Amino acid sequence: MLVRHSQMDACSRNSLVCSPLHLSGPEHMLSVICSPSPSALAGNKETEPAPCNPVSSLWITTEGSAGHQQLTAISWRPRMLHSLNEWLWWHEYWLPPGITWEDMKESEDIHYPQPQDLLLSIPCALLLVIVRYVFERFIALPLGRKLGLRDKVRLKAPPNPVLETFYSTHSKEPKEGELISLSKQCNLAIRKVERWFRYRRNQDRPTLSKKFCEASWRFTFYFISFFTGLAVLYDKPWFWDHRECWVGYPQQPLLPSVFWYYMLELSFYTSLVCTLPFDVKRKDLNVQIVHHAATIFLISFSYCANYIRIGTLVMVIHDAADCILEPTKIFNYVKWRRICDGLFLIFSAVFLITRLLIFPYKVLHNTYYYSMQLYQPFFGYYFMNALLMVLQLLHIFWSCLIIHMVYRFILCGTMERDLRSDTEESDQGEEEREQMKEKEKNGTMHFSSITNNSCIENSGAPQLKSSVHLTNGHAKDR
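The opening residue of the sequence shown carries number 1 in full-length UniProt numbering; numbering runs sequentially from there.
What follows is the structure, given as structure tokens:
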């Protein structure tokens with residue numbers, strides 16, 4: 001029973017403290033008992049009953065039997081939050097028709113996913129950030145040096161407040177008119193202003209060591225996560241028959257191994273969001289943010305709605321390709337070309353098979369079509385499939401990039417200089433590119449310059465002799 005009470009005497013905040021409100025007896029008389037506050041007692045002052053301050057807009061709820069009922073007073077703001085919480089966790093949003101949260105109550109022997117369990121991922125994510133720092137600092141960095149990884153020596157831009165302000169607030173690559181204006185303000189030649197911006201951009205670009213450490217950490221996690229997923233799921237019936245995902249749904253008990261597998265994945269992607277401002281900035285940064293957000297929402301929602309079995313399939317399918325992508329990057333950074341090219345072909349095959357064949361059949365078809373043979377559609381059904389479709393669109397986007405790289409690999413005999421989303425700017429000196437542009441204008445450019453600009457040089461591929469060059473677009477011998 002809910003009673004609206006617009007005006008109620010409450011105790012003074014300065015000197016008195018209100019005791020709990022009670023309804024005594026069948027007459028339901030409301031009494032407010034005020035007692036001295038601890039601060040007043042500490043001052044050894046005699047406290048006398050004082051009029052209570054009026055408090056408006058209180059909601060009174062009754063609990064207990066008719067003989068003795070306790071009132072709970074809730075102000076409008078907590079009440080609004082309470083209503084919002086009830087609306088958010090309305091069972092019709094999360095569960096199929098005919099199922100309520102009462103059906104999902106835990107017992108001593110049976111445990112179901114509880115939304116508050118997801119809070120554990122926050123400290124676990126912070127722990128992973130610490131573990132990552134220790135791993136990159138004391139394991140990945142020394143390993144890279146032993147493998148011969150060396151960072152290029154970059155010239156620092158000389159201090160210039162005018163150019164630094166323009167670089168920070170306007171543009172990192174000024175246009176021709178802006179270069180002329182800046183050269184006049186600084187009393188420098190245009191070439192020197194261009195060189196300053198070139199050096200300044202190179203300072204902000206990530207070093208090979210940073211890329212190597214980041215790829216090493218991700219490879220370590222994806223490797224552990226993928227084989228952990230296989231160990232957890234290999235004896236589960238839904239791993240082999242996707243129709244088993246809906247047997248007994250949603251009253252499917254939560255196994256401890258599946259719980260910790262979920263927490264591991266959710267904590268990792270939460271840690272990636274935390275470190276995103278400090279990681280290597282890629283050209284597809286917005287796509288990467290969408291991927292992380294969709295993954296976190298998908299993992300969280302699937303856990304709360306007890307889509308656990310589908311969720312485990314999604315995670316293990318994704319980790320299969322990622323644990324091959326990262327070592328491909330590692331060998332690319334240390335310039336082990338043959339191993340890099342071989343892993344790239346394996347990664348391409350695994351990615352296209354898992355993301356364009358297995359994922360649509362095992363997951364999308366399973367959730368979109370087969371589940372509706374057993375249950376009527378509800379909000380959770382639409383929301384879950386919407387998140388899965390976002391992931392699939394990202395899969396198609398990355399698949400197009402990979403197919404393009406495979407085409408270039410077949411055409412050039414080598415792999416392009418970077419992989420999938422790891423397409424940050426090259427560290428190649430811009431002066432070399434300017435010299436190449438000048439050669440193009442003069443109609444003369446060596447063939448090796450073209451190949452090095454588009455593909456990683458393959459030591460096993462036949463090279464043209466240095467006597468061959470391009471003149472006006474035609475190959476001639478000197």
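Virtual Cβ for every residue (Gly too), placed ideally from N, Cα, C. This structure is a prediction, so every number in the text was calculated from the model and none was measured.
In the three-state DSSP reduction, Y381 falls in the helix class (H, G or I).
Separation of the CB atoms of L149 and L208 is rounded to 6 Å, and the pair is thereby assigned contact status at 8 Å. When secondary structure is reduced to three states using DSSP, G248 falls in the coil class, being assigned neither helix nor strand. When DSSP states are grouped into helix, strand and coil, P159 belongs to the coil group. For I346, the closest alpha carbon among the candidates A140, I110 and I403 is that of I403. Cβ neighbours of M104 within its own chain (closer than 8 Å, five residues either side excluded): L95, Y112, P250, Q251 and N306. By the C-beta density criterion, V162 is exposed, having fewer than 16 other C-beta atoms within 10 angstroms. Residue state for I402 is assigned as helix, using DSSP reduced to three classes. Less than 8 Å separates the beta-carbon of S399 from that of R355.
If the five residues before and after C340 are omitted, its C-beta is found closer than 7 Å to the C-beta atoms of T328, F331, N332 and M415, all from its own chain and listed in chain order.
Inter-residue distance for V316 and E176 is about 51 Å (C-alpha atoms, whole angstroms). R205 and V280 have their C-alpha atoms roughly 8 Å apart. The closest CA to that of R200, considering only T275, E173, A189 and F219, is found on E173. Counting only residues of its own chain and dropping the five nearest sequence neighbours on each side, Q376 has a CB closer than 7 Å to the CB of P96 and P97. When secondary structure is reduced to three states using DSSP, S171 falls in the coil class, being assigned neither helix nor strand. Residues W238 and C245 of the same chain have their beta carbon placed closer than 6 Å to that of R309, with the five preceding and five following residues left out of the count.
Following the DSSP letters along the chain, one finds H318 inside the alpha helix (DSSP H) bounded by residues I308 to Y333. Within the stretch 211 to 268, the complete alpha helix (DSSP H) segments at least 4 residues long are 237 to 240, listed from N- to C-terminus.
Burial check for V334: the Cβ neighbour count within 10 Å reaches 16 or more, so the residue is buried. Inter-residue distance for D322 and L118 is about 24 Å (C-alpha atoms, whole angstroms).
Distance from the CA of A215 to the CA of L411, rounded to the nearest whole angstrom, comes to 27 Å. Shortest Cα-Cα distance from V363 to any of L325, L298 and F344 involves L298. In this structure, V129 sits away from T220, with a CB-CB distance that is not shorter than 8 Å. If you check the CB distance, C124 and S225 do not come in under 8 Å. Here DSSP, grouped into helix, strand and coil, assigns S348 to helix. Ranked by how close their Cα comes to the Cα of D109, the residues M405, F197 and L255 have L255 in first place.
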